[in-house]
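In this note's numbering, the protein residues as written are 84 to 1124.
The structure appears below as structure tokens.
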Amino acid sequence: MQTVATASLTTGSTKEDKKAKVSRVVNFLQRVGLSVDDIDNLSVIHVAGTKGKGSTCAYAESILRHHGFKTGFYSSPHLVEARERIRINGRPITKEVFTSCFWDVYTKLLNTKDENEGTMPLYFSFMTVMAFTLFMKEKVDVVLLEVGMGGEYDYTNFVRTPVACGISSLGLDHTAQLGHTLEEITWHKAGIFKKGAPAVTVPQEESAMQVILQRAQDIQCPLYVAEPLTQEDLRIHNLTLGISGDQQVYNAALALHLCRLWFRKREGREDKASQLCVNTVAAIPRLHTGELTQKVVTGLSQCYWPGRAQTLRKTGVTYYLDGAHTTESMQQCVRWFMQAANEEAKQITGRVSRSLVFNMTGDRSASTMLQYLTLCGFHRAAFCPNIPSSAKIIPDQVNFKVSKTAMLENCVSYRKVWEDLLSTLIAKDVKHSLCDSTKIIHTCPACPPDFSHHTCTCTCTCTCLHHKQSSPVQVSGGPRCVSATFPCISTALKWTSHDREPSCCDVSVQNEAEVANNVDHVQVLVTGSLILIAITILNTMQTVTTARETLGSKREAKNDKVRRIMNFLQRVDLPLDDIDNLSVIHVAGTKGKGSTCAYAESILRHHGVKTGFYSSPHMVEARERIRINGRPITKDLFTFYFWDVYIKLLNTKEDNEGTMPLYFSFLTVMAFTLFVKEKVDVVLLEVGIGGEYDYTNFVRTPVACGICSLGLDHTTQLGHTLEEIAWHKAGIFKRGVPAVTIQQEESAMNIILQRAQEIQCPLYVAEPLTEEDLRTHSLTLGISGDKQVYNAGLALHLCRLWLRRRGNGDGTLGPENDEPHVCLNTVKTIPRLHTGELTQEIKTGLSRCYWPGRAQTLKKTGVTYYLDGAHTIESMQQCVRWFIQAADEEARHINGRVSRSLIFNMTGERSASSMLHHLVPCGFHVAAFCPNIPSTKKVIADQVSFKHPKTTILEKSVSYRQDWDDLVSKAEEGTSCQSANFPCISTALKWATHDREPFCCDVTATVQVATGDLHHVQVLVTGSLILVGDVLGIIYPTLND
């Protein structure tokens, strides 16, 4: 629908043009079933302006939303996806809603095209019709409506009865369409005024104010001037605005008074028209801040545009993160960065270096974008594609069908443009100086604030970048800025931060020697994808912790952890009372707790229940840990809640002794924030490690608790005996809350019973599903493996407890009164729960349960992958039994030679020899050992671990191969297996599959495998869920979509 339109077509040039545009959009609305009378019933706040109209609408939306109103927000342009233009309750509409609404509107318009002279809307008008269709359908309480361009002739100006109109800061922009003087532009902007509807403007230049007043008098509407928030206002109300930048005190004030007008109209207090007789600008009533309610303060402080103007301070480096990718947003980004970075530099003793990490997408002019960044005084500039690694294209780019080669070539061209811009400045003697002294940057008094003049405290001088006047310049030490191109963001960050961030990628820059040393602090400006920025920040929360820091060793440690996470929850406005209102099923165990939760989630979802599921670890992307209705949350939902939680925590950091959560606790807080706000009916909560001292154990009132199979794992943290581990796992029990366990070893069962007695909770044992149960109900479980009958049995009874609490149980659980089981004294007297009759919903839930990476088979031409993230001795035993049975069965149906391959890695402090011992009988012909690195040039952002340096994980991989070779040499006669080490998973996969998969890495193995007449390859990938996840990410990249 996009087209190159003339100025007349875009904005109109006469009254007739305006009427024609209004007539067209009214026609489109009528064709989709909306009349202008319907639109009149919407409560609209209409905002125009040159700069700040989007921020003004965002502030107003946040204020009204925090008053409990359902908001609609229509803005332009979008940052990444068109659906960002339409928001409900502050969030971009989902892809599903966008798709549904798009086809609804488009089909209706298409079906009525012939009856309307073949007219169809262009891009912006179509989006406008679509937005108002959705706002009507969703029955929003208020619409925040941002003008597209101008006002008088804008497509949004069909609204006849707005509650209030606002005008933000005015300036020269879109001059071809709006005029070349401020007065002409002002005339257009004030065209949104409507008779009797109060209008508010920020203070403007005198000539603009005259035009605004004249238009208000002509249209007959009350007019006010919103005075900006003062420093005293901010101090009195302890208020920090949610969006950075000097101009925000004006935008926030304008939004405040527009909302107050909206409240007054809603309360039936109509605005008086006494201001219509005002004849001079000086006589226009001024609106001051006055007293702010807590809801207004919250709305202003928690307003934000995700990924825009965000600052992250760490030891020795400050990241300035802004997803600017248009000319306008880049100008704003540069202004914000210059001001914020200069202010920070004044407080730092020592030398400060500035770095840029840059990329752009689409067909915008790199020169136009980069010219603004030359003002910033960067010492290093890195150009890299929006790829966490050199072989992974992020989802934001997939739709562009851009090859990796093309993306890298684009970055090379951006670097060349950058260097050309800098050389042009030098050629004209318009220079940024580079010296080893402290740089002082100040505003040129003869220039607008947008332009900066650079002076150094040494002999070199330079000129104003705006005036471009020549002056003597002494250049010392080579080029002002060293630039380089990188294949991925990880390497770019490592280089630009001067090695202040750990990375799995090695960095080699040809002109590294030219970069100045002895830097005390680095300021890094990063622009890119919002989700990529979010994942980058999330990765910085990882840390190497001791066992005590991870789990604690005494009850005081648990209390400390509960207090910490309670503090984090309160700081994101989520008190424990809200958590208590969630309906939680809490599951601990050594092996199978994830599968148990997956079965329970599937059963309840197939009962029509809205489910939330929090698990760990993830395999490919961090968002897999948080699921709604069985699916990983979308990238957009992850991004929204990440910034929502992160900014609230960051804004309250200084008031809480500088504390911020680490990786797991952050995601836990984020998950529960999402579950509460998304109003799930039930939460399936998987323990991280242990139970007693786990971060998830802040839940006070679960509906039921479960314990799956127990074994020796995480012994450093949990203890070296089964009894100690059982004590930790049963630490999730809560008084009066029924607990269910599968049958455990006698020593573990005694501990579980003892803890249930101490905590005073009813206790049951869930019997596994029998072969008779499966046969009777024609049931095949959704997850493979012998142990799944236990996990499914446990999940079944946890669900029955939940359903009984809800009031629709099937009566098969047992006595309604659980209290008698608290006084049981022996393991044998613990009530046993049997399968009984299964409803269709339960059978469907069990059979359709999907849990990737656990006993999963993926068949492709010439190769079958057997994927199991077994990482304990017990789970490895189960994995081997499953693999041998499944692989033998497959081999019987293959006519030709079959080869078996192993790809292995493990993490943590487990015994590799104990794990590998069980794999020897599988009859592997080749065994590949590699670290959890997708490729030597590839680091998936969600999989980056800052806990272990690359050298360490490579050394461990070598030791695992040595253990394997020792075990094979001691095995029974005739056992042989060729083994090899690889630096990454890609190379291991290529070798283990006998070249049956195309990968980006070339393989040079010390061991060459004779393929001969090989017909099929069976590849077992095991030892680590992360390893399995990385393999899935390579061979099945659309897994989470």
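Every residue, glycine too, gets a C-beta built ideally from N, C-alpha and C.
{"Query": "Beta-carbon gap between N874 and T679 smaller than 8 Å", "Result": "yes"}
{"Query": "For A1011 and A1071, believed in contact at Cβ under 8 Å, the rounded distance", "Result": "4 Å"}
{"Query": "Rounded separation between K676 and Y333 - CA only", "Result": "53 Å"}
{"Query": "Distance, T756 Cα to K104 Cα", "Result": "44 Å"}
{"Query": "Own chain, CB closer than 6 Å to G1126, minus 5 neighbours either side, in chain order", "Result": "Within the shown structure, residues of the chain are numbered from 84 to 1124, placing residue 1126 beyond reach of any answer."}
{"Query": "Integer Cβ distance of D869 from Q939, believed to fall under 8 Å", "Result": "So it is not a contact: roughly 15 Å between Cβ atoms."}
{"Query": "Whole-angstrom distance between E924 and K693, CA atom to CA atom", "Result": "14 Å"}
{"Query": "Cβ contact check for the segment 642 to 662 and the segment 772 to 789: 3 or more pairs under 8 Å", "Result": "yes"}
{"Query": "Rounded separation between L505 and Q415 - CA only", "Result": "21 Å"}
{"Query": "DSSP bridge partner residues for R983 (one or two, in chain order)", "Result": "Q1101"}
{"Query": "DSSP state of C788 mapped onto helix, strand, coil", "Result": "strand"}
{"Query": "Extent of the continuous beta strand (DSSP E) to which N362 belongs", "Result": "Run containing N362: none; DSSP gives neither H nor E here."}
{"Query": "Nonlocal neighbours in the same chain, by C-beta distance under 6 Å from I686, ignoring five residues either side", "Result": "C882, I925, G928"}
{"Query": "V945 versus V823 - alpha carbon distance", "Result": "The question names Val, yet the displayed sequence has Gly at residue 945. Cα-Cα distance, rounded: 44 Å."}
{"Query": "Whole-angstrom C-beta distance between P700 and L1108, which should lie under 8 Å", "Result": "6 Å"}
{"Query": "Closest by C-alpha distance to V703, when choosing among L306, L884, G1112, H581", "Result": "G1112"}
{"Query": "Same chain, Cβ closer than 7 Å to N172, neighbours up to 5 away in sequence not counted", "Result": "R148, K153, T154"}
{"Query": "Per-residue DSSP class, three states only, for N1064", "Result": "strand"}
{"Query": "Nearest-angstrom Cα separation, counted from N124 out to K277", "Result": "16 Å"}
{"Query": "Under the three-state DSSP convention, the category Q297 falls into", "Result": "helix"}
{"Query": "Cβ contact (3+ pairs, closer than 8 Å) linking the segment 787 to 807 and the segment 755 to 769", "Result": "no"}
{"Query": "Selection from L659, S930, A423 that minimises the alpha carbon distance to S861", "Result": "S930"}
{"Query": "At least three beta-carbon pairs within less than 8 Å, the segment 1057 to 1070 to the segment 908 to 925", "Result": "no"}
{"Query": "Straight-line Cα distance separating A282 from L306", "Result": "5 Å"}
{"Query": "Within 8 Å, strictly: CB atoms of A291 and L255", "Result": "no"}
{"Query": "Span of the beta strand (DSSP E), counted from its first residue to its last, around Y157", "Result": "154 to 157"}
{"Query": "Exposed unless 16 or more other CB atoms sit within 10 angstroms - verdict on W270", "Result": "buried"}
{"Query": "Per-residue burial, T451 [other beta carbons within 10 Å of its own, 16 or more giving buried]", "Result": "exposed"}
{"Query": "Enclosing alpha helix (DSSP H) for E229 [first to last residue]", "Result": "Element bounds for E229: not the alpha helix (DSSP H) but the beta strand (DSSP E), 225 to 229."}
{"Query": "Contained alpha helix (DSSP H) runs [length at least 4] in the segment 217 to 294, N- to C-terminal order", "Result": "258 to 261, 265 to 272"}
{"Query": "Selected residue, minimal CA-CA separation from F218, among N194, Y948, I176, L193", "Result": "I176"}
{"Query": "Sub-8 Å separation of A970 and Q1101 beta-carbons", "Result": "yes"}
{"Query": "Where E597 falls: helix, strand or coil (DSSP)", "Result": "Annotation note: pLDDT 39 at E597 (below 50); position unreliable, no value reported."}
{"Query": "L341 beta carbon less than 8 Å from that of G249", "Result": "yes"}
{"Query": "Status (buried if at least 16 other CB within 10 Å, exposed otherwise) for R168", "Result": "buried"}
{"Query": "Any non-hydrogen atom of the ligand HEM closer than 7 Å to L1110 Cβ", "Result": "In the structure shown, the ligand HEM is absent, as is every other ligand, since no ligand is present at all."}
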